[in-house]
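Have a look at the structure below, then the notes.
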Amino acid sequence: MSKFEQTYIMIKPDGVQRNLVGAIIARFEQRGFKLVALKMVHATPEHLEKHYEDLKGKPFFPGLIKYMASGPVVAMVWEGLDAVKTGRSMLGATNPLASAPGTIRGDYALAVGRNIAHGSDSVESAKKEIAHWFPEGIVQYRSLLEDVIFELR
Ligand code: GDP
Ligand code: MG
């Protein structure tokens, strides 16, 4: 059963440098998701190590932290039907070479270590990541488009 979920989507430093912020936001808006949190942040290595704690010990971990701390990221929370899984499918595979055209990574990236954007991999990770990046909380509002995008009644 599909349900309303929130997912944490982050445009990585290469996505920001390549001026892809607007294009990526547009994809989520146009798909029908609702933006409920958004900020630009130049994260510390410590903050990023916590975000990627499950990957500690991988050979690429130090390089990943250096890349993610090299410039600002755009941190976002998107809400909607099946947001976690759909967000991942919009991103494409971890390795852009394996990502289908039409996905964010499949359209904009080539290298696994420079793959433009992040998306939560489960509802549980989304909850953790949203709390980690938005300790101040996120906004609540009713989207006027909900009546058009979903079968609510
Ligand atoms: P994701 O959930 O698709 O982002 O993939 P993972 O959670 O497995 O890895 C987190 C991030 O680490 C990826 O998005 C890549 O930027 C990076 N990464 C993963 N695997 C590799 C790898 O084999 N080499 C390098 N250089 N980076 C990797
Ligand atoms: Mg991941």
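Residue numbers (the UniProt record's numbering): 1 to 153.
We put the CB at the ideal spot given by N, CA and C, even for glycine.
CA nearest to the CA of residue i, picked from the options
| i | options | result |
| --- | --- | --- |
| R31 | G71, D121, P72, M90 | M90 |
| A117 | E124, R88, Q140, F134 | R88 |
| F4 | V84, P13, G22 | V84 |
| G15 | Y141, A111, A100 | A111 |
| D82 | M10, E136, S120, F61 | S120 |
| D107 | R27, P59, M40, G57 | R27 |
| A93 | A23, W78, N115 | N115 |
| residue 154 | S125, P135, W78, E136 | Not covered by the structure: residue 154. The range shown for the chain is 1 to 153. |
| R86 | K58, K56, K128, E29 | Note on residue identity: the sequence assigns Thr, not Arg, to residue 86. Comparing Cα positions, the closest option is E29. |
Check whether residue i and residue j have beta carbons under 8 Å apart
| i | j | result |
| --- | --- | --- |
| P45 | I65 | yes |
| L38 | M76 | yes |
| I104 | Q6 | no |
| V21 | I138 | no |
| K12 | G80 | no |
| F8 | W133 | Reading off the sequence, residue 8 comes out as Tyr, not Phe. Contact: yes. |
| residue 154 | H42 | The structure shown does not extend to residue 154, since the chain is modelled only from 1 through 153, so no value can be given for it. |
| F150 | G113 | no |
Taking any heavy atom of the ligand GDP as the mark, which residues have a C-beta closer than 6 Å to it, listed down the chain? L55, F60, G63, L64, T94, V112, G113, N115, H118, D121
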